[in-house]
Amino acid sequence: MEQLALGLVIALVLWIASIVLIRERRHRRLEEIGQLPPGPKCWPVVGNIFQLGWSPHESFTKLAREHGPIMTLWLGSMSTVVISSDEVAREMFKNHDVVLAGRKIYEAMKGDYGNEGSLITAQYGPHWRMLRCLCTTEFFVARRLEAMRGGVRGRCIDQMVLFMEEASASGTKAIDVGRFFFLMGFNLIGNLMFSKDLLDPKSERGAKFFYHAGKVMEYAGKPNLADYLPILRWFDPQGLRRKTQFHVESAFEIAGVFIKETSASGTKAIDVGRFFFLMGFNLIGNLMFSKDLLDPKSERGAKFFYHAGKPGKVMEYAGKPNLADYLPILRWFDPQGLRRKTKFHVESAFQIAGLFIKESMEGMERGIIEEKGNKDYLDVLLEFHGDGVEEPSSFSARTINVIVL
């Protein structure tokens with residue numbers, strides 16, 4: 005009898021709580037709708053998704069003729085304002101840029117790997133303004149970019165060409181040119197950020213990083229129901245968040261480890277895109293840290309490729325459609341496992357890339373200063389001292405890792 009009474013009390017409390025929650029959510033939705041421009045009528049749950057068809061841009065044009073150059077569409081539970089006029093777009097981003105500075109983070113890219121610390125994914129606020137200030141005053145100033153024009157860029161390109169020549173020595177199999185460009189770009193970035201090459205296209209770990217990064221892009225680019233139906237975010241029905249998290253963590257693990265050469269064979273088919281990725285990453289490494297980040301012949305470079313390369317696990321999972329992006333209720337469940345998998349590969353890439361940052365920080369603490377013509381980006385970040393209010397007093401190794409990667 006007592007158990008029955010307790011069950012009735014719990015059921016009553018849950019019923020009252022659900023009513024309050026539904027009313028509060030409905031009240032907020034009505035307030036939001038009142039502040040939005042008009043648009044076509046929407047269906048419950050799915051919103052205007054079925055009005056877009058297979059060619060959304062054509063549907064937007066047709067709807068704009070009826071509802072005007074600025075209208076509101078509901079993609080599931082996600083409100084979306086569509087601008088189809090250059091005059092309106094100019095007005096919005098010229099006079100209302102601060103209000104519209106926020107951005108949506110898709111469910112596949114949500115995880116504990118620092119997406120809030122990146123200039124690309126961080127929401128507008130003191131942290132974003134601080135990163136933006138560093139970019140405009142330290143990172144991408146003309147003198148720093150000009151200094152890379154001759155030596156670092158030329159070396160990364162020559163290195164990519166050499167890798168392609170070695171990989172195609174047999175002359176009997178096709179090569180993936182896109183992979184070599186991806187390698188070049190990644191090592192170019194590595195030289196910008198860490199002053200060294202990051203990836204060796206001949207290494208196993210470089211191949212793994214390439215795989216993981218490609219997977220992140222693949223999963224992040226896939227339509228995700230959880231982005232449009234918040235109720236699905238907890239379930240992650242497509243597994244995109246779980247998969248993306250796994251590949252991001254794997255790529256981060258590889259990115260934090262550097263310069264361990266392994267034997268390589270030039271008789272097998274090669275992935276050209278991987279070499280371009282390597283060159284680009286090391287070019288950025290030289291800009292950021294005055295040295296290459298990854299050696300294309302190293303095992304660690306291959307791991308970084310596996311987690312964060314193109315294609316890699318991070319790119320694969322981040323590009324997959326994820327129900328949690330469309331159904332917010334599934335976010336907590338991550339039904340497709342994309343967030344968990346992406347997080348794993350991002351953390352793995354961070355671990356690899358973070359090793360070099362840790363070595364640089366330890367060197368500064370011991371008073372070991374490397375001879376350089378100018379300060380690189382890492383020096384700027386390590387020597388940064390904020391006000392401790394809106395800005396941190398200094399950057400941790402993980403924060404630096406998030407910023408540069």
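In our numbering, each residue carries its 1-based index in the sequence shown increased by 4.
Beta carbons: idealized from backbone N, C-alpha and C, even for Gly.
These numbers were taken from a predicted model, which means no experiment stands behind them.
Taking only the alpha-carbon atoms, compute the straight-line gap between Leu149 and Phe388 and give it to the nearest angstrom.
-> In the sequence shown, counting from the first residue as 1, residue 149 sits at position 145. In the sequence shown, counting from the first residue as 1, residue 388 sits at position 384. Looking at the two C-alpha atoms, the distance is approximately 21 Å.
Just curious, the alpha helix (DSSP H) that Thr140 is in, first and last residue?
-> Here residue 140 refers to the residue found at position 136 of the sequence shown. Here Thr140 belongs to no alpha helix (DSSP H), and DSSP marks it neither H nor E.
Measuring CB to CB, does Pro241 end up less than 9 Å from Ala230?
-> By 1-based counting over the sequence shown, the position of residue 241 is 237. By 1-based counting over the sequence shown, the position of residue 230 is 226. Yes. Within cutoff.
State yes or no: is the C-beta of Phe388 nearer than 8 Å to some heavy atom of the ligand NAD?
-> Of the ligands one can find in the structure shown there are none, so the ligand NAD has no counterpart to examine.
Can Gly284 and Cys160 be called in contact, C-beta distance under 9 Å?
-> Against the sequence shown, residue 284 aligns to sequence position 280. Against the sequence shown, residue 160 aligns to sequence position 156. Taking 9 Å as the Cβ cut-off, Gly284 and Cys160 qualify as a contacting pair.
Close beta carbons around Ile407, own chain, < 6 Å, minus the five adjacent residues each side | Residue 407 sits at position 403 when you count from the first residue of the sequence shown. Within the same chain, Ile407 has no close Cβ partners at all.
Alpha carbon to alpha carbon, how far is Phe213 from Ser83? Give it in angstroms, no decimals.
-> Position 79 of the sequence shown, counted from the start, is the residue given in the question as residue 83. Position 209 of the sequence shown, counted from the start, is the residue given in the question as residue 213. Going from the Cα of Ser83 to the Cα of Phe213 covers about 36 Å.
Which partner residues of Ile87 appear in the DSSP bridge assignment?
-> To locate residue 87, count along the sequence shown from 1; it is residue 83. Answer is Ile74, bridged to Ile87.
Could you give the distance in angstroms between the alpha-carbon of Glu253 and the alpha-carbon of Val165?
-> As a working mapping, residue 253 is identified with position 249 in the sequence shown. As a working mapping, residue 165 is identified with position 161 in the sequence shown. Between Glu253 and Val165, the C-alpha separation is close to 30 Å.
Boundaries of the alpha helix (DSSP H) in which Glu222 is found, first to last residue | Counting from 1 along the sequence shown, the entry for residue 222 is found at position 218. Element bounds for Glu222: Glu208 to Ala224.
For Ile235 versus Leu331, is the C-beta distance shorter than 9 Å?
-> Translated into positions along the sequence shown, residue 235 becomes position 231. Translated into positions along the sequence shown, residue 331 becomes position 327. A contact, by the Cβ cut-off of 9 Å.
Going straight from the alpha carbon of Asn228 to that of Leu77, what length do you get?
-> Mapped onto the sequence shown, residue 228 falls at position 224. Mapped onto the sequence shown, residue 77 falls at position 73. Taking the straight line joining both Cα atoms gives about 17 Å.
Using beta-carbon positions only, say whether Ala328 and Asp338 come within less than 9 Å of one another.
-> Taking the first residue of the sequence shown as 1, we reach residue 328 at position 324. Taking the first residue of the sequence shown as 1, we reach residue 338 at position 334. Result yes, Cβ atoms of Ala328 and Asp338 sit closer than 9 Å.
Buried or exposed (CB count within 10 angstroms, at least 16 for buried), Gly155 | For the purposes of this step, residue 155 is taken as the residue at position 151 of the sequence shown. Label assigned to Gly155: exposed.
Which residues in the same chain as Val92 place their Cβ atom closer than 7 Å to its Cβ, once the five residues preceding and following it in sequence are excluded?
-> Here the question's residue 92 lines up with position 88 in the sequence shown. Counting only Cβ-Cβ distances below 7 Å, and skipping sequence neighbours, we find Pro73 and Ile74.
Phe309 and Gly210: beta carbons closer than 9 Å?
-> Here residue 309 refers to the residue found at position 305 when the sequence shown is read from its first residue. Here residue 210 refers to the residue found at position 206 when the sequence shown is read from its first residue. For Phe309 and Gly210, yes; Cβs fall inside 9 Å.
Are Ser207 and Arg304 closer than 9 Å when you measure CB to CB?
-> Reading the sequence shown from its first residue, position 203 is the one you call residue 207. Reading the sequence shown from its first residue, position 300 is the one you call residue 304. Against a cut-off of 9 Å, the Cβ pair of Arg304 and Ser207 comes out as a contact.
Can you tell which of Trp132, Lys219 and Gly189 has the C-alpha that lies nearest to the C-alpha of Val318?
-> Here residue 318 refers to the residue found at position 314 when the sequence shown is read from its first residue. Looking at the Cα atoms, Lys219 is the closest of the given residues.
Beta-carbon separation (whole angstroms), Asn244 vs Glu111, contact threshold 8 Å = Counting from 1 along the sequence shown, the entry for residue 244 is found at position 240. Counting from 1 along the sequence shown, the entry for residue 111 is found at position 107. Position check: residue 244 holds Leu in this sequence, whereas Asn was assumed. That belief holds up - the Cβ atoms of Leu244 and Glu111 are roughly 7 Å apart, short of 8 Å.
Residue nearest to Phe184 in terms of C-alpha spacing, selected from Asn195, Lys177 and Ala171 | Taking the first residue of the sequence shown as position 1, residue 184 is located at position 180. Nearest option by C-alpha distance: Ala171.
Could you check where the alpha helix (DSSP H) with Arg147 kicks off and where it finishes?
-> Numbered from its first residue, the sequence shown carries residue 147 at position 143. Note, Arg147: alpha helix (DSSP H), Ala146 to Ala151.
Is it right to say Gln39 is buried, meaning 16 or more other beta carbons lie within 10 angstroms of its own, or is it exposed?
-> Against the sequence shown, residue 39 aligns to sequence position 35. Under this definition Gln39 is an exposed residue.
Close beta carbons around Arg237, own chain, < 7 Å, minus the five adjacent residues each side = Position 233 of the sequence shown, counted from the first residue, corresponds to residue 237. Only Glu111, Ala230, Ala328, Leu331, Pro332, Ile333, Leu334, Arg335 and Trp336 meet the Cβ criterion.
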